[in-house]
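Just so you know, we're using the numbering used here here: the sequence shown kicks off at 4 and counts up by one.
What follows is one structure encoded as structure tokens, with my remarks underneath.
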Amino acid sequence: MDQVSSTGRTVHITVTNAYDLKGFKGDTPVTFVRAEFNQAVLGDSSKITVSPEGTAKYNFTSGIELSPDGGITLDDLAHKPLFLTVTEVLPKEKKQKDEKTLTLGQAVVDLLPLLEGEDSFETTVPLHPVQGSPLETPSPGSKQCSLDVKVFVTEPLLTAAQVSASNLLKVTLEAAYSVPESFMPVGLQQNYMVGLQVPSVGEKDYPMVFKNGNLKLGGEREVVPRPKKWPIANILAPGANNIPDEFIVGGPYEEEEGELNHPEDKEFRNQAECIKKRIVWDLESRCYLDPSAVASFQKRIADCRLWPVEITRVPLVTVPKGKSGKLEKTDDENQLSFHGVAYVNMVPLLYPGVKRIRGAFHVHPYLDSTVFEKTKCLFSLFRDTGHHLAHNNKAGGLNSPLSKPVSKNLKEEKAVKDKEIEGRARPGDLQAPSIKSQSSDTPLEGETPLSHNIEGQQYLEAGTYIVLEIQLDKALVPKRMPEELARRVKEMIPPRPPLTRRTGGAQKAVSDYHTQIKSISRAILDEYHQMFGKQVIKVGSDVDSETLEEQKCQLNYELNCSGKYFAFKEQLKHAVVKIVREKYLKTTAFESQEELQTFISELYVFLVDQMHVALNQSMPDDMQGTASTIHTSSEQLRLFAFEAEVNENFEMAAVYYEERLVREPQNLDHWLDYGAFCLLTEDITKAQECFRKALSLNESHIHSLLLCGVLAVLLENHEQAEIFFEDATCLEPSSVIAWTLLGLFYEIQNNDIRMEMAFHEAFKQLQARTLQTKLKSAGTIENTDEGVKIEHSFGPWGAVQDSATAMKSEGLTGIKLRSSHTLSPHLPAELQPQPQGPSTVLSSLDEFIEESSKAHSESQEPMMTLQPLEPSLAQKSSNVLLKELTAKKETSKCQDSSAVLHSTPYASPQPPATVFMETIRFLMKVNAVQFVHRVLAHELLCPQGGPSCEYYLVLAQTHLLKKDFAKTEEYLQQAAQMDYLNPNVWGVKGHLYFLSGDHAEAKACYERTISFVVDASEMHFIFLRLGHIYLEEKEYEKAKRTYMQACKRSPSCLTWLGLGIACYRLEELTEAEDALSEANALNNYNAEVWAYLALVCLKVGRQLEAEQAYKYTIKLKLKDEALLTEIHTVQEMVGFGDPSF
């Protein structure tokens, strides 16, 4: 399999010293070292007397000649060790011709470092005692006997380039469990063998054979870790069978790559590995792959994904005395029995970065047609190409446990060497045709395939499986390192750290100007007090104007005479200069006098205005007004934006999203929300900008990476998409969504192998997370009712499927609604009329609003584009209820709306979500509908998925987005058939009928939804639309109750407006005005709110407020002509309200 230079090379082995030796007789025994490799004796050292301390200096050197022509190859160095046997020479007795020798121990040297590019290495290897050796019982305080060995070559066997391009394959056969009951440890001895073929260069395969399996009865589990063993016979010392520093460590079933790694297999495997019979090998066989063999190996995996691993048994044949050189051949000896095969999926070795697969694989009966169909393999390793393996099972043979030690004479061993196979067949002995993919779909002519395999069928009945590990030194497909992925992401999206706040700037200049004004005003006030006394002039008191003017003249005179006026002017000059430079960016001379005068006029107006601002801020507390500013929180703006999306008012939704960005430009969630909105409006370019901005704020944010990858796919920039998805899986390997999206990307690329890899990893992570969740829930079930966070999301038609459970660790855009109720305008006491309506209604509404409106946002920044239109009107809402609420609201804080959300997400009695359904939920949340249908196809074909209520519900939602009402109704019918009690189905059904104009059916569906014990995923829009229908049908009491529930859950302008309309129609004007004032405070750009405020003011007889409300109704262009007509009718009835007449 490998290429060695034609000149040949020599590997030199030098044994320098031995330590802690002791012999059978005497304290200073005479010993020598024998070096053996590949069944050949390399030489013996001279006889050395051991010192009393147990040290022997051998300084013995031998060599291994490498030859490309049928001799020792690099592959031999890979899988065969060097044996060093220490033998004691006993003193001659009388009449004894030859010296008598006894073997003390045997050491093993692994020559693998020579294939890693090294030209020399030194090691100290333990000398393992043979049975009966005095080394088995070391003296107290002494160490284990060891040898110092040095291995070197004149120049490296492989260049750096060859080392990089070559590879080393290791196959470890652990055991076969749950073997047939007919396997008995008594009676005729059997040789249990397992074999597979490794592709080589050309048309020949290289067979690996594991022999002499040890049949054990059940009763206990195999210990781990346990050492791996050499697949070599004739090892004298039991300890020398173990490969140095190589152990079988096992591992959880869930992390294996085989066939029995599911939770339902755990019980069977526990029984099989503890109680039932098993055959144990614990052998590791190696194979050196040169660069051409690596390419062949990789191509073979791609062509033949499943590789056959055969298992059989043949009887051990005892050779009679006198016939040691011959082997009798009979039909019984040649026949294979219990011929089975395991199909090992080698595809994971083509996954990026994967170097090892380990797992349990079912054993099936060997049938030619089935093996060919699954593996494209035309030949059996044991039956078609290895008949002589059966002949090589004599008792006392080379591979038998009863083998005799290797002969000293190399020539005597040559005949045996040509016939024997030590653990694996040599390439000259077994040259099977390639198992590569064949063009023909039928076996070769002349072959008689087995139509049945009765003995092999027992493997299936017993549930036999083998545990196998296949490991490579280097991954066949390199994986990008996280550092490289991070560097590529930085190249595409450079990080944008927040700008450092400047110490100067326009804001600082104005602030300094305010400080100087306040300082000068205090100095002037002190001067006034010194001249006229500290008498406080109260606002509104009668003061003689002549007296004030006289005091002003005296003060100006004193300031000018004392020089304080000039000092104040100089004190203010620096602040004014900074304003000119920083605020107006004037740093050069003016070109004309007119330009100078214009600028001075503009500057004067600005300075006077800012002076007034500073003076007002420095006024005493009791002199300032009591008007409060209404602020909206970021969560409220998020809710308002969703409401605008539902009503397809995308312009207003964009305003809310942009307001959030202006307030907190460094909040990446705001950028992600805005990007999801752009996806909804199909503005792909702007969505990409938003997602990349979010990623620039945090390069490790998983969902920003995923969304950048999704947008790259939509824009057909596949190279960047792969970088984004791979980086996400590197940063968070446990992310189910990241692996699933990576698999979908590879599917688009038609890269089936990597697609399987990504999906397999996603299923694996979901399984691990589900198991962990079950374990946690088992211990904390009593606390499940506390601290639950319910996350909701909205779509343009209403609710998107809830993901409170599955998306908690994955979802980036899950919306945590907070109480968006804010303070109503405060009213002067004299403008508040007496309450109207029944006292019981007033008290109930008071209690309700007090509960649902406990706080407003702590944000101190006003809306960018939603400033109050008329402060005087906003502060004049006559209402006794509002007066009672004002004192309570001023001291309250913003609360999470989950405190008042009593809904529990509907838990469908369906199997756990698959990786595809979890990804669908994520994509629906971010409005990436283009991907959803592709994932739905996988969900339909997934063994754990298939058509489900949620599947049809998502299909209905996607078609509802496209206004395809017929398809939506069809899928909703399917969903209802599968889960008739799912409130989400009825909620979406109500949205369908509402959007299609069938409000009667919509009403029935909404009423059914809210009647369920468990709420739908999101009730906000259900309440809004049901209340709207009640108003249309003039069921005002029902409308009032519905809107009250909506205000209690997630108050907004629309919920308060609906409540206000219902109260107005019920002639409950006090409650109506309070609700409309709340709506106006949250959004004073809603013309309908102003219209109903005008009606209320007209009814209660407040002319000024009625005229102002009507003015803004007209200014904001009320579209409801019927409502406008109603206003005109009431105006004519009361005789005021329209100032245009």
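Don't be surprised by glycine CBs; every beta carbon is placed ideally from N, CA and C.
Exposed or buried, what is residue i when buried is set at 16 or more other beta-carbons lying within 10 Å of its beta-carbon?
{"i": "GLY222", "result": "exposed"}
{"i": "SER288", "result": "buried"}
{"i": "VAL3", "result": "The requested residue 3 is not part of the displayed model; the chain covers only 4 to 1144."}
{"i": "MET534", "result": "exposed"}
{"i": "CYS1050", "result": "buried"}
{"i": "PRO94", "result": "exposed"}
{"i": "ARG316", "result": "buried"}
{"i": "ALA1097", "result": "buried"}
{"i": "HIS342", "result": "buried"}
{"i": "GLN691", "result": "buried"}
{"i": "GLU472", "result": "buried"}
Can you name the start and end residues of the beta strand (DSSP E) that residue i belongs to?
{"i": "TYR587", "result": "Careful: TYR587 lies outside any beta strand (DSSP E) and carries neither H nor E."}
{"i": "HIS342", "result": "340-348"}
{"i": "CYS290", "result": "281-292"}
{"i": "ILE360", "result": "359-368"}
{"i": "ILE473", "result": "468-475"}
{"i": "SER123", "result": "123-129"}
List the endpoints of the continuous alpha helix (DSSP H) containing residue i.
{"i": "TYR531", "result": "509-535"}
{"i": "GLN192", "result": "Looking at the DSSP string, GLN192 is not in any alpha helix (DSSP H), and its letter there is neither H nor E."}
{"i": "PHE63", "result": "Careful: PHE63 lies outside any alpha helix (DSSP H), inside the beta strand (DSSP E) at 59-69."}
{"i": "THR743", "result": "739-751"}
{"i": "SER707", "result": "705-717"}
{"i": "HIS455", "result": "Premise fails: HIS455 is in no alpha helix (DSSP H) and is neither H nor E."}
{"i": "HIS721", "result": "721-734"}
{"i": "PHE27", "result": "PHE27 -> no alpha helix (DSSP H), and no H or E assigned at all."}
Give the DSSP-derived three-state secondary structure of residue i in the structure shown.
{"i": "ARG663", "result": "helix"}
{"i": "ALA931", "result": "coil"}
{"i": "PHE213", "result": "strand"}
{"i": "LEU995", "result": "helix"}
{"i": "CYS952", "result": "helix"}
{"i": "PHE602", "result": "helix"}
{"i": "ALA1125", "result": "helix"}
{"i": "ARG1052", "result": "helix"}
{"i": "PRO351", "result": "helix"}
{"i": "TYR1088", "result": "coil"}
{"i": "SER49", "result": "coil"}
{"i": "GLY1138", "result": "coil"}
{"i": "SER637", "result": "helix"}
{"i": "HIS673", "result": "helix"}
{"i": "GLY1030", "result": "helix"}
{"i": "GLY801", "result": "Confidence at GLY801 is low in this model, with a pLDDT of 37, below 50, so the placement of that residue is unreliable and no value is reported for it."}
{"i": "GLY566", "result": "coil"}
Which residues in the same chain have their Cβ closer than 7 Å to the Cβ of residue i, if we skip the five residues on either side of it in sequence?
{"i": "THR684", "result": "PHE653"}
{"i": "ILE75", "result": "ASN41, ILE67, GLU68, LEU69"}
{"i": "LYS329", "result": "Note on LYS329: pLDDT 40, under 50, position unreliable in the model; the coordinate value appears next. Correct list: empty, nothing qualifies."}
{"i": "ALA832", "result": "Residue confidence is low: ALA832 scores 33 on pLDDT, short of 50, so the model does not pin down where it sits. Its coordinate-derived value is still stated next. If we look at ALA832 and ignore the five residues flanking it on each side, it has no Cβ neighbours."}
{"i": "CYS1066", "result": "LYS1043, GLU1074, ALA1075, ALA1078"}
{"i": "CYS681", "result": "LYS689, ALA690, CYS693"}
Looking only at its own chain, which residues have a Cβ that is under 6 Å from the Cβ of residue i, when we skip the five neighbours before and after it?
{"i": "GLN1106", "result": "PHE1139"}
{"i": "ILE520", "result": "MET614, ALA617"}
{"i": "ASN20", "result": "LYS60, ASP151"}
{"i": "GLY466", "result": "SER181"}
{"i": "HIS1023", "result": "SER1053"}
{"i": "TYR195", "result": "GLY216, ILE282, ARG316"}
{"i": "LEU1126", "result": "ALA1094"}
Contact check, residue i vs residue j under 8 Å by CB: the rounded distance?
{"i": "TYR1095", "j": "LEU1079", "result": "5 Å"}
{"i": "GLU259", "j": "ALA363", "result": "7 Å"}
{"i": "LEU734", "j": "ILE756", "result": "Wrong, their Cβ atoms sit about 23 Å apart, outside the cutoff."}
{"i": "CYS952", "j": "ALA978", "result": "5 Å"}
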